[in-house]
Amino acid sequence: MQLNRNIAVSETGFIFNPSSGDSFSVNPVGQDVIRLLKEGKNREEITSALVEKYAIDAASVDKDMDDFLVMLRNYQLLTGHE
Amino acid sequence: MSKQRITVAVSGLNNIDSPGPGIPVIRALKESERFEVRIIGLSYESLEPGLYMHDLVDKSYQVPMPSAGTTALLERLAYIHAKENIAVIIPNFDAELHNFIRLAPQLKTQFGIGMFLPTMEQFEARHKSVLFQFGEANGVKVPYHKMIYSANEVHQLENEFTYPLVIKGKYYDASIAATPEQAVSYFHKISAKWGLPIIVQEFVSGTEVNVTAIGDGQGNCVGAVPMRKLYITDKGKAWSGISLDDEELIKIANRVIGNSKWRGGCELEFIRSNDGIYYLLEMNPRFPAWVYLAKGCGQNHPEALVRLALGETVEPFTTYDTGKMFVRYSFDQIVSLSEFEQISTQGEL
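Laid out in structure tokens, this is it:
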């Protein structure tokens, strides 16, 4: 899975999709996920990075990641499968 | 490089909530890096806001309504030209284009005034009533439609259409009908206002995206900037919009302009269906009111149009900025009664 081409993410968590004109705001955790996606990390790598940074169990991260990734796909920000 | 001084006459000064393109065109020209432009406003009514924008419009003249015909228009333009030495005219109203297209050769030979307008054939070929054929001829999808002349025909539509469908006036207005009863109601409402026929169009669900573009008449698309409306007024006009990075849309715009050898500015209105297919909904034969966004994105379409009208060859733009937005605002101008009196009684300001 990867972020769509040209998706712009600012330091404040503002996301702009230049092909649809849509813009979104994400919280700091969302920013981390987006940044890691941009770096080409896979789902497992993102989950472990979040577990380490936020001192949280992997099951909780997994559940929230499911929701977040569905949302990214619905907003046409993400392509490809996990 | 010193700028070339030039006088350009522009109509469409109705910078109201459903704005004409005149003021955005003038702003783009005033910011031209090639031309130092003196603007002559051509107005139809005394309350067109552009008449009173003296920082943008240097002098204004009333012109006869399009229904007065070409003779009256030519006479008035001859009077204005004698005083102002106009080099180029940019008409911005659909309704006046017919007259200007007919007068174009005479204005050029008799007065040396340049315009860069579509040919009469091009102008007629993209009318709503023949848009489907235009799409077929130019390699772009257009939602299926047919024309009807009586409300009774609505009940036979179910053989060709599924509801919802769109009921459109021949010039303006469109409503989405979910049932035959609604379709009949819209038929009466729209035909009472705009006459017959009524256009029944397949409803395509998706996102509306528009392109402002300019063709050189030789099959080259000189510029094209796509935009999505972010905020829409109750009249369906964009109050805010954003430029898009959409290669497919640019490709389609290039194809339409190229195949039709479009001459002049235009606006292409598309709907991107939920499965990503573009359908052309309308092609307007002049710049849209949001054309200043193109200037903001690095493509000064009005400047390119003036150059083409002067007979220059214009190299196509190759890039534009994406993610640039426009946000309109309304602004109360304080106007002295004497100015209103002057334009109302003398037809000049």
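Residue numbers (the working numbering), protein chains in the order written: chain A, 1 to 82; chain B, 83 to 431.
We put the beta carbon where it would ideally sit given N, CA and C, even for glycine.
Cα separation between residue i and residue j?
i: Q76(A); j: I359(B); result: 15 Å
i: W372(B); j: E349(B); result: 10 Å
i: L375(B); j: D327(B); result: 14 Å
i: L69(A); j: G13(A); result: 16 Å
i: M407(B); j: N234(B); result: 46 Å
i: S211(B); j: M309(B); result: 25 Å
i: I171(B); j: R43(A); result: 60 Å
i: V107(B); j: K343(B); result: 23 Å
i: R120(B); j: S114(B); result: 12 Å
i: Y231(B); j: S142(B); result: 42 Å
i: P398(B); j: S426(B); result: 42 Å
i: T47(A); j: E351(B); result: 43 Å
i: M71(A); j: R337(B); result: 35 Å
i: D99(A); j: E206(B); result: As displayed, chain A neither begins before 1 nor continues past 82, which places residue 99(A) out of reach and without an answer.
i: F24(A); j: K53(A); result: 24 Å
i: V9(A); j: W276(B); result: 47 Å
i: E166(B); j: T294(B); result: 30 Å
i: G346(B); j: Y268(B); result: 34 Å
i: L179(B); j: V145(B); result: 13 Å
i: A259(B); j: Y134(B); result: 42 Å
On the DSSP letters alone, give me the boundaries of the alpha helix (DSSP H) that residue i sits inside.
i: F205(B); result: M202 to A207
i: V293(B); result: Not the alpha helix (DSSP H): V293(B) falls in the beta strand (DSSP E), residues G288 to D298.
i: A169(B); result: First-last for A169(B): undefined, no H or E at that position.
i: N220(B); result: L213 to N220
i: N96(B); result: Where N96(B) is concerned, there is no enclosing alpha helix (DSSP H), given that its DSSP letter is neither H nor E.
i: L124(B); result: Where L124(B) is concerned, there is no enclosing alpha helix (DSSP H), although the beta strand (DSSP E) it sits in stretches over F117 to S125.
i: N181(B); result: D176 to F193
Just verifying my parser: in three-state terms, what is the DSSP assignment at residue i?
i: W321(B); result: strand
i: T315(B); result: coil
i: I105(B); result: helix
i: F24(A); result: strand
i: G340(B); result: helix
i: P262(B); result: helix
i: N74(A); result: helix
i: I56(A); result: coil
i: P384(B); result: helix
i: P246(B); result: coil
i: R366(B); result: According to the sequence provided, residue 366(B) is Asn. The question's Arg does not apply to it. Note: N366(B) maps to strand in three-state DSSP.
i: Y361(B); result: strand
i: P308(B); result: strand
i: E423(B); result: helix
i: A371(B); result: coil
i: Q2(A); result: strand
i: V409(B); result: strand
i: L350(B); result: strand
i: V61(A); result: helix
i: K377(B); result: helix
i: E430(B); result: strand
i: V224(B); result: coil
i: G132(B); result: helix
i: S432(B); result: Residue 432(B) is absent from the structure shown; chain B starts at 83 and stops at 431.
i: S114(B); result: coil
i: G30(A); result: helix
Over the uninterrupted beta strand (DSSP E) stretch that includes residue i, give me the two end residues.
i: A256(B); result: A256 to A259
i: K141(B); result: K141 to Q144
i: Y229(B); result: The residue asked about is misnamed: residue 229(B) is Met in this sequence, not Tyr. H227 to I230 is the span of the beta strand (DSSP E), which, as asked, contains M229(B).
i: I88(B); result: Q86 to S93
i: Q283(B); result: I280 to E284
i: I15(A); result: F14 to N17
Could you check whether the Cβ of residue i sits closer than 7 Å to any heavy atom belonging to the ligand SAH?
i: Y75(A); result: Ligands displayed in this structure: none; no statement on the ligand SAH is therefore possible.
Checklist entry - Can we say the region 374-387 of chain B touches the region 400-419 of chain B, given the rule of at least three CB pairs closer than 8 Å? => result yes
Checklist entry - Does the count of Cβ pairs from the region 57-77 of chain A and the region 13-23 of chain A closer than 8 Å reach three? => result yes
Checklist entry - Three or more beta-carbon pairs under 8 Å between the region 240-248 of chain B and the region 274-289 of chain B, yes or no? => result yes
Next on the checklist: Three Cβ pairs or more, each shorter than 8 Å: is that satisfied between the region 88-105 of chain B and the region 56-66 of chain A?
Outcome noted: no
Checklist entry - Does the pairing of the region 212-224 of chain B with the region 356-370 of chain B give three or more beta-carbon distances under 8 Å? => result yes
Item to check | Given 8 Å, three or more beta-carbon pairs between the region 149-157 of chain B and the region 120-132 of chain B | outcome: no
Next on the checklist: Tell me whether the region 165-184 of chain B and the region 192-201 of chain B touch, counting them as touching only if at least three CB pairs, one residue from each stretch, are closer than 8 Å.
Outcome noted: yes
Checklist entry - So, do the region 27-37 of chain A and the region 1-8 of chain A have three or more beta carbon pairs nearer to each other than 8 Å? => result yes
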